[in-house]
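Data block below; observations after.
Protein chains: 2
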Amino acid sequence: MRDVAIIGVGQTKFGQLWDKSLTNLAVEAGVKACLDANIDQKDVEVIYGGTMSGGLFVNQEHIASLLSDFSGFKNIPSIRVEAACASGGLALRQAYIDIASGLHDIAVVGGVEKMTDIGGHSVTKALATAASQEWEAFFGATFPGLYAMIAKLHMHKYKTTEEQLAMCAVKNHKNALNNPFAQFHKKIQVEDVLNSTMVADPLKLFDCSPVSDGAAAVVLASKQKAKELCDAPVWISGSGHATDALSLHDREDITTLKATVEAAKQAYVQAKIGPKDIGCVEVHDCFTIAEICAIEDLGFCKKGEGGRFTEQGNTEIGGRIPVNTSGGLKAKGHPVGATGVAQTIEAVLQLRGEANGRNTNAEIAMMHNIGGSGGTAVVHIFRR
Amino acid sequence: MRDVAIIGVGQTKFGQLWDKSLTNLAVEAGVKACLDANIDQKDVEVIYGGTMSGGLFVNQEHIASLLSDFSGFKNIPSIRVEAACASGGLALRQAYIDIASGLHDIAVVGGVEKMTDIGGHSVTKALATAASQEWEAFFGATFPGLYAMIAKLHMHKYKTTEEQLAMCAVKNHKNALNNPFAQFHKKIQVEDVLNSTMVADPLKLFDCSPVSDGAAAVVLASKQKAKELCDAPVWISGSGHATDALSLHDREDITTLKATVEAAKQAYVQAKIGPKDIGCVEVHDCFTIAEICAIEDLGFCKKGEGGRFTEQGNTEIGGRIPVNTSGGLKAKGHPVGATGVAQTIEAVLQLRGEANGRNTNAEIAMMHNIGGSGGTAVVHIFRR
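As you go down the protein sequences, you meet chains A and B in turn. Residues in the first sequence are numbered from 17 upward in steps of one, following our numbering. Residues in the second sequence are numbered from 17 upward in steps of one, following our numbering.
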């Protein structure tokens, strides 16, 4: 397999963007990424896109064809992949495989979701299609409820506290203050989280990522093209993808996301490094408990110590392993299909030293993108 | 890129299968394909699956994780791709790229759709999400209507007749009599088509493929694994994928599906052959006019001559180029996400000489799978 680099990035603002359609958002991100990579339409050979549910959110499937058309890339192959909230990360991985195979030399990888003008369904119900319809959603389980069960067990087994969960949200809101594309620019305190509306005990409103519109895109290139086109390519040095039982009740231990452990192992082995070598990481904090589980499952601390590890400041910028410098899903926003690509962009900006106000000087960065309650995990490692 | 072979195939009956869920169908096809390939669960390294809209049809997204779980392949990567009715063909192509890249050696590729117990939406409305929501579906266009416009223009420009369209359906129903997995085992005459209920002028009920449940799966292997495991592998000698404007009004000529022309060109160039070398072909006859356009766009006859070419018997078994020996979408059935994989299975059976009662003795076979009204096309060429 050939080496693959990221040579351009582009993203829209994340938020409630009522004046922009799914197509507007995706095209904006894609064009920005091409401009950043200094390439033309004619250079793009293939498109990979991640969306979770164009069907339920905006009554539009077949989005790959729509977006190649509206981006002016008529007739080139365009592929939509879906793995719930890991759709963006999976699009990156499939494009990586494509370029690594030798089939194409330049790919645009996009992620997009338009969630705020849904008609006919509730967003919560649409998102619940990422859980098992027969074993979870049919009985009324929603994602806050599923992650609340994970949180309850984590608190019971490991003495994790509601305050420690809240600290993830506080940190991520703080980091987002320096991210111009973030949905929220609002500093919060632990008390704000603890006093916010209960959603699913023990998760309160500020433990939850928001409903968002947005898109993100990156340009991938083969080694030869990257060297021709780009002075500072960012290399994909490890790629991992794994699945787990879709339903919580089928898992050995719901406080460990086995898909994360497996995907991380693949990425670490390929990159020939371990957790201690990672300089910063974007993890999938759809809920605060998800960040705690992720830093444990990725190997930054032992299982059960994520709460204390966070409380000790290890995940702050300047700490042992800065986590979610972008603001994470919690504060940057979570347009589900776009999230994995936006995480990748933050990793690239960190490695380029362009994460203004939140730079970590990392030489190696990681992204971790989850679908559902852990049915899918995608992990990538990037280096300068 | 490495050579890739198909070493196993499996499919369910197509039809109104009210006693089987999406999961039942997909697992049945996957297990049959593994048994046919004589492999175990532990041999399977990755899954690729195509479905058009689990979200709208059965309220279930994140199907890749669900199916790896229920198939007993826990923790391996599993990827869902979507390109409307070309989802199955696209899954085949993406798995081909994966194996060709060297990343994995054995993949199960599945396609599945469960369309007949839809709740809350009509099937026609769900299918219309494969057209442009903003420019077509919003104004009431459905797929019979879109293909009726193509048919009207084809009849106007090229003197194609309603009888010639009907002959595609008659032939496909005849071929399906020998396919035990086909939805319809019912011989029809041209008069039956002409006298059937008008759906969208000039397309009548028997010009249209049915609403179906079903699944199909194949096992792909790298050259080395294929030689170890299989006495009669079928090789993927050409793979093509292209897009076109999603909406009809944005195309240069709606009687030519440019995505088909481009995808076929890629596949022919890779396989180093031309249309005259193809021994049999499965084309995407979602409507009879689509078969006429396909045989022209794939190069089996000149543009505009598809009607007469059909009338002369060239597309019959025993004719110059047998088309849709399986019964096609029209008579075999069209569970949209499964169709591209089922077409692939027919090509494999033909090359193995196992298409009982409908064998063509082909040495090279082709499949052609369309998304929407031609926004996506996937073409593959197979050889013994």
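Note that beta-carbon positions come from the ideal geometry of N, C-alpha and C, so glycine has one too. From a predicted model like this one, the values you see are computed outputs, not experimental measurements.
Can you round the beta-carbon distance between residue 16/A and residue 260/B to whole angstroms, since I take them to be within the 8 Å contact cut?
Given that chain A is displayed from residue 17 to residue 400, the structure contains no residue 16/A and the question cannot be resolved.
What does residue 116/B reach in chain A if we use C-beta pairs closer than 7 Å?
The contacting residues are 117.
So residue 404/A packs on residue 66/A, CB below 8 Å; how close in whole Å?
Since the displayed chain A opens at 17 and closes at 400, residue 404/A lies outside it and no answer follows.
Are the C-beta of residue 274/B and some C-beta of chain A separated by less than 8 Å?
Yes - at least one Cβ of chain A is within 8 Å of the one on residue 274/B.
Which value, in whole angstroms, describes the spacing of the CA atoms of residue 80/B and residue 194/A?
Computed Cα separation, rounded: 36 Å.
What number of angstroms, rounded off, separates the C-alpha of residue 147/A from the C-alpha of residue 141/A?
Each residue's alpha carbon lies about 10 Å from the other.
Excluding the 5 residues preceding and the 5 following residue 53/B in the sequence, name in chain order all residues of the same chain whose CB lies nearer than 6 Å to its CB.
Correct list, in chain order: 23, 24 and 235.
Run down chain A in chain order and give the residues with a C-beta less than 8 Å from the C-beta of residue 106/B.
Ordered by position in chain A, the residues that pass the 8 Å Cβ test against residue 106/B are 95.
On the CB-based measure, 16 or more other CB atoms within 10 Å of its CB, does residue 183/B come out buried or exposed?
Buried is the call here.
So the candidates are 45/A, 180/A and 262/A; which of them puts its Cα closest to the Cα of residue 84/B?
For residue 84/B, the nearest C-alpha among the options comes from 262/A.
Please list, in chain order, the chain B residues whose beta carbon lies closer than 8 Å to that of residue 74/A.
149, listed in chain order.
Establish whether the CB of residue 122/A and some CB of chain B are separated by less than 8 Å.
So, not an interface residue.
With a threshold of 8 Å between beta carbons, is residue 98/A in contact with chain B?
At least one chain B Cβ lies under 8 Å of residue 98/A.
Please list, in chain order, the chain D residues whose beta carbon lies closer than 9 Å to that of residue 198/A.
Absence of chain D from the displayed structure is noted, the protein chains being A and B.
Around the C-beta of residue 154/A, are 16 or more other C-beta atoms found within 10 angstroms, so that it is buried, or is it exposed?
That one is exposed.
I'd like to know if residue 259/A contacts chain B, where contact means its C-beta is closer than 8 Å to some C-beta of that chain.
Judged by the 8 Å Cβ criterion, residue 259/A is in contact with chain B.
Residue 92/A touches chain B at which residues, Cβ-Cβ below 8 Å?
Near residue 92/A (Cβ distances below 8 Å), the residues of chain B are 258 and 259.
If I follow the unbroken beta strand (DSSP E) through residue 355/A, where does it start and stop?
That residue, residue 355/A, is in no beta strand (DSSP E); its alpha helix (DSSP H) goes 355 to 368.
Identify each residue in the stretch 277 to 297 of chain A for which the Cβ-Cβ distance to at least one residue of chain B is less than 8 Å, and report them in chain order.
For the stretch 277 to 297 of chain A, which is checked against every Cβ of chain B, the residues closer than 8 Å are 278.
Touching or not, the stretch 217 to 237 of chain A and the stretch 346 to 365 of chain A, by the rule of three or more beta carbon pairs under 8 Å?
Yes: at least three Cβ pairs fall under 8 Å.
What's the call for residue 256/A, buried or exposed, on a 16-neighbour Cβ count within 10 Å?
Buried is the call here.
Examine chain A for any beta-carbon lying closer than 8 Å to the beta-carbon of residue 85/B, and answer yes or no.
Cβ-Cβ to chain A under 8 Å: yes for residue 85/B.
Going by DSSP, name the residue or residues bridged to residue 236/B.
Answer is 22/B and 123/B.
Beta carbon of residue 298/A, beta carbon of residue 170/A: below 8 Å?
No; because the gap between Cβ atoms is not below 8 Å, this pair is not in contact.
Is it true that the CB of residue 110/A sits closer than 8 Å to the CB of residue 286/B?
Not in contact: residue 286/B and residue 110/A (Cβ atoms no closer than 8 Å).
Which residues mark the beginning and the end of the beta strand (DSSP E) in which residue 385/A is found?
Looking at the DSSP string, the run of the beta strand (DSSP E) that includes residue 385/A is 380 to 387.
Just to confirm before moving on: does the CB-CB distance between residue 118/B and residue 63/B stay below 8 Å?
No. Outside cutoff.
Kindly indicate the opening and closing residues of the alpha helix (DSSP H) around residue 189/B.
From DSSP, the alpha helix (DSSP H) with residue 189/B extends over 178 to 192.
Based on Cα-Cα distance, which residue from 47/A, 71/A, 77/A and 45/A lies nearest to residue 391/B?
The shortest Cα separation from residue 391/B among 47/A, 71/A, 77/A and 45/A belongs to 77/A.
On the DSSP bridge assignment, give the partners of residue 209/A in chain order.
DSSP lists no partner for residue 209/A.
Note down the Cα distance separating residue 371/A from residue 341/B, rounded to an integer number of angstroms.
Roughly 58 Å between the two C-alpha positions.
Can you list, in chain order, the residues of its chain with a C-beta nearer than 6 Å to that of residue 364/A? Leave out the 5 residues immediately preceding and following it.
So the list reads 22, 25 and 250, once near-sequence residues are dropped.
The beta strand (DSSP E) that contains residue 77/A, what's its start and end?
Per DSSP, residue 77/A belongs to no beta strand (DSSP E) and is neither H nor E.
Return the CA-CA distance between residue 122/B and residue 89/B, expressed in angstroms with no decimal places.
For residue 122/B and residue 89/B, the distance between alpha carbons rounds to 13 Å.
Does any C-beta atom of chain B lie closer than 8 Å to the C-beta of residue 165/A?
Chain B contact via Cβ: absent.
Taking Cβ positions only, does residue 81/B come closer than 8 Å to chain A?
By this cut-off, residue 81/B is an interface position.
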